[in-house]
Amino acid sequence: MARHLAEQDIDGLVACSCIGNEVTIDLTDTRVLVSLVDVAGVVRLNFHMVHDGPAKSRSWSRMLPAGTGHAEIATRIARDVRTLERELAPLRRQSPTGIEQGWPR
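Residue 168 is where the sequence shown starts when you use the working numbering, and the numbers rise one by one after that.
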């Protein structure tokens with residue numbers, strides 16, 4: 168899964184890791200946790216976003232058909248992360264610290 172996510176065009180991608188059914192995506196100032204759950208013939212992607220700035224944490228889910236491959240799942244995750252990036256862009260411009268603070272490394 169990590170290889171497929173790394174192939175996606177995600178601006179600001181700092182790190183991506185996959186352990187079991189969980190994916191962690193670190194952007195410059197945002198962390199997105201995605202858990203993959205196989206339930207009743209569908210794959211549910213549970214997203215949880217934490218922003219190191221003014222945006223409040225939020226969670227959402229997506230459903231994909233059972234049997235969806237890793238490449239398709241990575242494409243769906245990347246699409247949501249890119250949408251999130253566009254939504255956070257105005258907050259970054261307004262933030263007094265900008266994106267310099269970032270995640271501790």
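All C-beta atoms in this analysis are idealised placements derived from N, C-alpha and C, irrespective of residue type, glycine included. Predicted model only: the values in this text are computed from it and were never measured.
- At a Cβ-Cβ threshold of 8 angstroms, Val210 and Leu203 count as neighbours.
- Membership of Ala182 in the beta strand (DSSP E) is indicated by the continuous run Leu180 to Ile186.
- Beyond the five residues adjoining it in sequence on each side, Leu251 comes within less than 8 angstroms, by CB distance, of Thr197, Val199 and Met216 in the same chain, given in chain order.
- Taking a C-beta distance under 8 angstroms as the contact criterion, Arg243 and Leu194 do not qualify as a contact pair.
- Contiguous beta strand (DSSP E) elements confined to the segment 185 to 215 occur at 189 to 194 and 197 to 206, taking only those with 3 or more residues.
- Val248 sits buried, since 16 or more C-beta atoms from the chains shown fall within 10 Å of its C-beta.
- The alpha-carbon of Pro221 is positioned some 7 angstroms away from that of Leu258.
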